[in-house]
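Before any comments, here is the structure.
2 protein chains.
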Amino acid sequence: MTESTSPAPSGSGMLRPGGRTARVRGAVLRAAEDALVEAGFAGLDLGDVARRAEVGRTTVYRRWGSAGALLADVLADMAEQSLPRSRTGSLREDLRANAHLVRRTLADPRQGALFRAVLVAGACDPAAAEALHRFYRIRLDEWAPCVTEAVGRGEIPPGTDPREVVRAVSAPLYHRMLTSADPLDEAAADRAADAALAAARAGAFVSPPAG
Amino acid sequence: MTESTSPAPSGSGMLRPGGRTARVRGAVLRAAEDALVEAGFAGLDLGDVARRAEVGRTTVYRRWGSAGALLADVLADMAEQSLPRSRTGSLREDLRANAHLVRRTLADPRQGALFRAVLVAGACDPAAAEALHRFYRIRLDEWAPCVTEAVGRGEIPPGTDPREVVRAVSAPLYHRMLTSADPLDEAAADRAADAALAAARAGAFVSPPAG
Numbered sequence: 388m389t390e391s392t393s394p395a396p397s398g399s400g401m402l403r404p405g406g407r408t409a410r411v412r413g414a415v416l417r418a419a420e421d422a423l424v425e426a427g428f429a430g431l432d433l434g435d436v437a438r439r440a441e442v443g444r445t446t447v448y449r450r451w452g453s454a455g456a457l458l459a460d461v462l463a464d465m466a467e468q469s470l471p472r473s474r475t476g477s478l479r480e481d482l483r484a485n486a487h488l489v490r491r492t493l494a495d496p497r498q499g500a501l502f503r504a505v506l507v508a509g510a511c512d513p514a515a516a517e518a519l520h521r522f523y524r525i526r527l528d529e530w531a532p533c534v535t536e537a538v539g540r541g542e543i544p545p546g547t548d549p550r551e552v553v554r555a556v557s558a559p560l561y562h563r564m565l566t567s568a569d570p571l572d573e574a575a576a577d578r579a580a581d582a583a584l585a586a587a588r589a590g591a592f593v594s595p596p597a598g
Numbered sequence: 388m389t390e391s392t393s394p395a396p397s398g399s400g401m402l403r404p405g406g407r408t409a410r411v412r413g414a415v416l417r418a419a420e421d422a423l424v425e426a427g428f429a430g431l432d433l434g435d436v437a438r439r440a441e442v443g444r445t446t447v448y449r450r451w452g453s454a455g456a457l458l459a460d461v462l463a464d465m466a467e468q469s470l471p472r473s474r475t476g477s478l479r480e481d482l483r484a485n486a487h488l489v490r491r492t493l494a495d496p497r498q499g500a501l502f503r504a505v506l507v508a509g510a511c512d513p514a515a516a517e518a519l520h521r522f523y524r525i526r527l528d529e530w531a532p533c534v535t536e537a538v539g540r541g542e543i544p545p546g547t548d549p550r551e552v553v554r555a556v557s558a559p560l561y562h563r564m565l566t567s568a569d570p571l572d573e574a575a576a577d578r579a580a581d582a583a584l585a586a587a588r589a590g591a592f593v594s595p596p597a598g
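Protein chains in written order, with our numbering: chain F, 388 to 598; chain E, 388 to 598.
Written out as structure tokens, the structure reads:
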């Protein structure tokens, strides 16, 4: 799945159209991301976020209530801001586009730190885990049609589980980031995409018949 | 890679041979694991570990000094206690054995919580990350010969990077655990092994020529 979000326009007041409520949400979510990048989920404090966002504490406490709820809204926003899937007409190129987007996201100092923070939150807190799972479901659903369409074109076998193919592209990049100091380079992204494609062609992601 | 550690014999005094020093280390490491399982890396406190291990605080502070150093020793011990690789004579069976061992480890309530805790620590703390990377290097080195021998038997192409194949087996299981609520079931383990094998056969893990 692709996690990269569109570049934020400069000036938090310009982040989102829609009046004061949307501007406040934008400023608070950007401040929450800053806090997550700097101090992780353990350092996500509503008072600190209010200060960073230059928004009243009462507003932040009333609207988000807890660090968990704020994190869930950060993840909902990350899903909203995420880039759409590619449509190259070739599964190989679509999976490579996905792999390179995931790689760029995780290798980016700010986005990478943000993703590590939300993964940590998901491993520590059940409500955060639920929000994190929702984020990844949305991203899988965005990219799954690349695989479904490739089945339609006869590139890979019928019955291939689209979500498992998309996951297979991301998984080695996340694993590399979390378990090694090896660089998240373009070769790693190409290998992740090509391995997922080879496995899909060989039928490794064909779901067993239901029932 | 396989992370499962051998079942601990009951009675912390029997954990390790080698006299009082080894017994103390065993009791402290088991207590540190308990603390990590219950409260994560953020809850790893040397005084608490000393109390749980029924060992003097001074001993623990003098020998380990910090939560990071204690975590590094927990990881070194996990590597020492980890099960050896399989030797089935077939890459398919070896990768399946690896996948099922990783799956059992991550799905086990205690071991799974312990692995989540050390992954979180690695994402939060540079010294912990180094210890975590060392653990995974040891496990990769343990399993890599399964792949090298398969190259020798002609099962997969020459030049296949053994570590990338072993990583490809683990990666989807870790990714599933961290990003979804989907069960870490045996079908997921089989699929991870079979996908890595198909990709290896297709040459997806052949290293580019050096230089």
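Note that the Cβ used here is the ideal one computed from N, Cα and C, for glycine as well. In this text the structure is predicted, and so the values were computed from the model without any measurement.
Item checked: Cβ-based neighbour list, F:S594, same chain, cut-off 7 Å, excluding 5 preceding and 5 following -> Its chain contains G546, D548 as the residues whose beta carbon lies nearer than 7 Å to that of F:S594, once the 5 sequence neighbours on both sides are disregarded; these appear in chain order.
Check: What does E:R554 touch in chain F if you count any residue whose Cβ is under 9 Å from its own?
Finding: Those within 9 Å of E:R554 in chain F are P559, H562, R563, T566, S567.
Notebook entry, point to check: If you run the structure through DSSP and keep just helix, strand and coil, what is E:V442?
Noted result: Shown here, E:V442 sits in coil according to DSSP, grouped into three states, outside any helix or strand.
Notebook entry, point to check: Under a CB-based cut-off of 8 Å, is E:A419 close to chain F?
Noted result: No, no contact with chain F.
Item checked: Contact list for the region 484-515 of chain F against chain E, Cβ threshold 9 Å -> Flagged, chain order: R503, A504, L506, V507, G509, A510, C511.
Next item on the list: Please state if the CB of E:A484 and the CB of E:S473 are separated by a distance shorter than 8 Å.
Entry: A Cβ-Cβ contact shorter than 8 Å links E:S473 with E:A484.
Checklist line | Secondary structure of E:I543, DSSP reduced to three states | finding: E:I543 falls in the coil class under three-state DSSP.
Item checked: Exposure label - F:Y523; buried when at least 16 CB within 10 Å -> Looking at its Cβ environment, which holds 16 or more other Cβ atoms inside 10 Å, F:Y523 is buried.
Notebook entry, point to check: Identify the residues that DSSP records as bridge partners of F:V593: which are they?
Noted result: The bridge partners DSSP lists for F:V593 are F:T547.
Notebook entry, point to check: Secondary structure at E:S557, three-state DSSP: helix, strand or coil?
Noted result: Three-state result, E:S557: helix.
Next item on the list: Spell out a yes or no on whether the region 460-470 of chain E and the region 524-533 of chain E are touching, meaning 3 or more CB-CB pairs, one atom from each, closer than 8 Å.
Entry: Touching, yes.
Check: Exposed or buried, which one is F:A448 when buried takes at least 16 other CB atoms within 10 Å?
Finding: Looking at the sequence itself, residue 448 of chain F is Tyr, so the reference to Ala does not match. That one is exposed.
Check: Are E:L560 and E:V489 close, meaning C-beta to C-beta below 8 Å?
Finding: If you check the CB distance, E:L560 and E:V489 come in under 8 Å.
Check: In terms of DSSP beta bridges, what is E:S453 paired with?
Finding: In the DSSP assignment, E:S453 is bridged to no other residue.
Next item on the list: With DSSP as the reference, please indicate the residues paired to E:S567 in a beta bridge.
Entry: In the DSSP secondary-structure assignment, E:S567 is not bridged to any residue.
Notebook entry, point to check: Going along the chain, which residues of its own chain have a beta-carbon closer than 8 Å to the beta-carbon of F:L519, five neighbours each way excluded?
Noted result: Contacts found: L462, V505, L506, A508, G509.
Check: Going by other Cβ atoms of all chains shown within 10 Å of its Cβ, with 16 needed for buried, is E:R578 buried or exposed?
Finding: Looking at its Cβ environment, which holds 16 or more other Cβ atoms inside 10 Å, E:R578 is buried.
Margin query: Is there a Cβ of chain E sitting closer than 8 Å to that of F:G427, yes or no?
Written below: So yes, F:G427 belongs to the interface.
Notebook entry, point to check: How would you write the range of the alpha helix (DSSP H) that E:F502 sits in, first residue to last?
Noted result: From DSSP, the alpha helix (DSSP H) with E:F502 extends over 496-511.
Check: Cβ of E:R450 less than 8 Å from any chain F Cβ?
Finding: Among the residues facing chain F, E:R450 is not included, as its CB has no counterpart in that chain under 8 Å away.
Check: Between the beta-carbon of F:I543 and the beta-carbon of F:L478, is there less than 8 Å?
Finding: Contact flag set, yes.
Notebook entry, point to check: E:E536 to E:T475, Cα distance in whole Å?
Noted result: Looking at the two C-alpha atoms, the distance is approximately 11 Å.
Margin query: By alpha-carbon positions, which one of F:F428, F:D432, F:A409, F:H487 ends up nearest to F:A574?
Written below: The shortest C-alpha separation from F:A574 is found at F:H487.
Check: Quick one: is E:L519 near chain F, going by C-beta distance under 8 Å?
Finding: Yes, its Cβ sits closer than 8 Å to a Cβ of chain F.
Notebook entry, point to check: At what residues does the alpha helix (DSSP H) containing E:L470 begin and finish?
Noted result: E:L470 -> no alpha helix (DSSP H), and no H or E assigned at all.
Notebook entry, point to check: Can you give the beta carbon distance from F:V552 to F:A514, rounded, assuming they're within the 8 Å contact cut?
Noted result: Contact doesn't hold; Cβ gap of about 29 Å is too wide.
Notebook entry, point to check: Should F:A582 be flagged as near chain E, meaning a C-beta pair shorter than 8 Å?
Noted result: Chain E, which has a Cβ nearer than 8 Å to the Cβ of F:A582, makes this yes.
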